[in-house]
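Numbering (the working numbering), first residue to last: 3 to 206.
Accompanying notes for the structure given below.
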DNA sequence: ATAGGGATTCTC
DNA sequence: AGAATCCCTATT
């Protein structure tokens, strides 16, 4: 698996193209990570760690490779991959995934508006909805747990195809963090991918 | 445009 | 203690 212990922005870039596998009683779902955002420690005014260690964000301070799952706006879940060395807070938010397998189950959980399969995981909360992720998975080992784990596409040395390249932009929804942190280009995506949550500035 | 919804953190 | 805030989505 990709090295997650280094700088969080590098980890966020490196996770693009990796697979998320979710096993439940109703079967297996697989999706490919196509968009991420890096979040740092207390110095990062956009991060959940900006107020230091709390009961909610404690897992961010743990070893790399754990899941940090939280509830946002009272109704949506977001999945993060904890990064960096143990004792330092950082995590990569999974902002969008492209469904690969188990799509029928993802569709079943959707609202009645329907939509193309590509959009089922387009957005941090939709990714969790598609993969049936909630806070019961907070803190699990994403390389060992039987319910949810990260994997590489079989038979691919590189996570990205030759035709794919990475675009960057400012993180979404973090204006409160002040200009320095709000504009930092810590959002990463596979350029022009149909499952992106929304366009990148450089990728119109 | 805005309702929807609840935990978390801040401010007395 | 009460109030404000929040890495969003679906619907109007």
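Beta carbons are placed, not taken as given, at the ideal position from N, Cα and C, and that holds for glycine.
Buried or exposed for residue 111, please, with buried defined as at least 16 other CB atoms from any protein chain shown within 10 angstroms of its CB. It counts as exposed.
Grab me the residues of residue 47's own chain with a C-beta within less than 7 Å of its C-beta, minus the 5 sequence neighbours each way, in chain order. Counting only residues of its own chain and dropping the five nearest sequence neighbours on each side, residue 47 has a CB closer than 7 Å to the CB of 179, 180, 183.
Taking the CB atoms as reference points, tell me whether residue 109 and residue 197 lie closer together than 8 Å. Taking 8 Å as the Cβ cut-off, residue 109 and residue 197 do not qualify as a contacting pair.
Look at the alpha carbon of residue 16 and the alpha carbon of residue 49, and state the distance between them as a whole number of angstroms. Approximately 20 Å, taken between the alpha carbons.
For residue 66, I'd like the list of residues in its chain whose CB is within less than 7 Å of its CB, leaving aside the five on either flank, ordered along the chain. So the qualifying residues of the chain are 6, 7, 84, 85, 86.
Is the beta carbon of residue 78 less than 8 Å from the beta carbon of residue 71? No, the pair does not count as a contact, with Cβ atoms beyond the cut-off.
DSSP beta-bridge partners for residue 192? Answer by DSSP bridge pairing, in chain order: 168.
Bridge partners - residue 143, DSSP secondary structure assignment: By DSSP's assignment, residue 143 forms a beta bridge with 68.
Which residues mark the beginning and the end of the beta strand (DSSP E) in which residue 61 is found? The continuous stretches of beta strand (DSSP E) do not include residue 61, and DSSP gives it neither H nor E.
Is it right to say residue 22 is buried, meaning 16 or more other beta carbons lie within 10 angstroms of its own, or is it exposed? Buried, because 16 or more other Cβ atoms sit within 10 Å of the Cβ of residue 22.
Just tell me which of 88, 43, 38, 27 has its CA closest to the CA of residue 127. Checking every option, the nearest Cα to that of residue 127 belongs to 38.
Just checking my contact of residue 192 with residue 162 at CB under 8 Å: how many whole Å lie between their CB atoms? Confirmed, Cβ separation roughly 7 Å.
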